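One structure is given below, encoded as structure tokens.
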Amino acid sequence: MNVQKLSNMKAKSQKISAITAYDYSFAKIADDAEIDVILVGDSGAMVMFGYETTSPATMEEMLLMSKAVSRGSKKSLLVGDMPFMSYHTSIEDAIRNAGRFIKEGGMQAVKIEGNRTVAKTISAITKAGIPVMGHIGLQPQMAKSWDGYRVHGTNYLSAKQLIEDAHELEQAGAFCIVLEMITEEVSKIISESIRIPTIGIGSGRYCDGQILVLHDLLNLNDSLHPKFVKQYADLKKQSQKALTNYKDDISSNNFPTSAHSWSLEPSELKKLQKYFGLIKKNKL
Ligand code: KIV
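Just so you know, the sequence shown maps onto residues 1232 to 1515 in my numbering.
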């Protein structure tokens, strides 16, 4: 997958599938499932590192996860999520950090959160040769500080601003835009009025593609249950059951069995038993 193929998918009205991943094993699973886009999201700060929000994520943490994901994926388009303050201090910092995702992290593109205020940054990173995915609507990196985790585009003014933002990001050179928690009608207008694909998360049916946080979809993290998540498996329940069974098997001597062990050759065993007998009798 690459940026051009993603654009062709929109042109052919083929829906784009995207998922987050943060490690080698799940990246391989997503790649085998032929998911079009794998985002190494800064949501990894929460689900992998246990932070309360995404804002503490550092470049080093994001690069560590990116490297692991890039080793696991061969086909999907790999996008690295630029962490809070890695693209805000200056255009130079933004280009340098975006470059690290490509050179060190093995990513093919980067994502940055922000409305029209980041258009210049998107333009500069794109001109440096790195494709940029925009992200408007709910912007988790700063949501807690500003206006909380709420739906966007619920009135005329906010809808108009979002539509204008999407157009500005397209103009700036973004190859795709994530629409997070935007009302369905506004997402539809955005998706129909820009040429680049939109990838929705909690933004309804009319986006050109959809993305979910892997741990939400698999219920590996049951502390949050956003309305927009469809749970496709309950790996938390299954994992807990598996580990309880494992502990019980150890306690009751049901694990390991001979099937999980190796044996000495019978003739060698005989010699060893004889030797051990002598040790026990203190005759050595
Ligand atoms: O970090 C993340 O997982 C994201 C997705 C929610 C789009 O930005």
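Ideal Cβ positions, reconstructed from N, Cα and C, are used throughout, including at glycine.
These figures come from a predicted structure and were not determined experimentally.
What are the boundary residues of the alpha helix (DSSP H) that includes residue i?
i	result
residue 1248	No alpha helix (DSSP H) contains residue 1248, which is instead part of the beta strand (DSSP E) from 1247-1251.
residue 1237	1234-1242
residue 1389	1387-1403
residue 1331	1322-1334
residue 1301	1290-1303
residue 1354	1350-1358
Between the Cα of residue i and those of the options, spot the shortest distance and give me the residue it belongs to.
i	options	result
residue 1344	1355, 1330, 1367, 1333	1367
residue 1302	1247, 1376, 1498, 1260	1260
residue 1271	1340, 1286, 1241	1340
residue 1291	1285, 1310, 1314	1314
residue 1381	1355, 1458, 1451	1458
residue 1428	1268, 1256, 1515, 1471	1268
residue 1460	1475, 1446, 1296	1446
residue 1174	1504, 1298, 1430, 1372	With the chain running from 1232 to 1515 in the structure shown, residue 1174 is simply not present.
residue 1453	1237, 1278, 1239, 1241	1278
residue 1463	1234, 1482, 1250, 1246	1250
residue 1326	1306, 1349, 1434	1349
residue 1470	1451, 1479, 1455	1451
residue 1307	1337, 1494, 1287, 1322	1337
residue 1316	1468, 1256, 1324	1324
residue 1396	1425, 1448, 1297, 1361	1425
residue 1287	1361, 1298, 1376	1376
residue 1404	1499, 1358, 1511, 1266	1358
residue 1256	1297, 1502, 1497	1297
residue 1430	1479, 1300, 1391, 1408	1408
residue 1275	1265, 1244, 1312	1312
residue 1495	1487, 1504, 1488	1504
residue 1390	1374, 1406, 1412	1412
residue 1334	1493, 1423, 1309	1309
residue 1246	1509, 1440, 1455	1440
residue 1414	1379, 1369, 1449, 1507	1369
residue 1435	1416, 1443, 1449, 1444	1416
residue 1360	1305, 1378, 1329	1329
Helix, strand or coil for residue i? Go by DSSP, reduced to three states.
i	result
residue 1480	helix
residue 1264	coil
residue 1500	helix
residue 1451	coil
residue 1517	Because residue 1517 is not part of the residues shown, which for the chain are 1232 to 1515, the question remains open.
residue 1278	helix
residue 1363	strand
residue 1511	helix
residue 1471	helix
residue 1259	helix
residue 1318	coil
residue 1283	coil
residue 1427	coil
residue 1418	helix
residue 1463	coil
residue 1306	coil
residue 1505	helix
What residues match up with residue i in a beta bridge as DSSP calls it?
i	result
residue 1438	DSSP lists no partner for residue 1438.
residue 1311	1271, 1341
residue 1411	1368, 1432
residue 1446	For residue 1446, which the question treats as bridged, DSSP gives no partner whatsoever.
residue 1383	1413
Shorter than 7 Å, the distance from the beta carbon of residue i to the closest heavy atom of the ligand ZN, or not?
i	result
residue 1434	No copy of the ligand ZN occurs in the structure displayed; its ligands are the ligand KIV alone.
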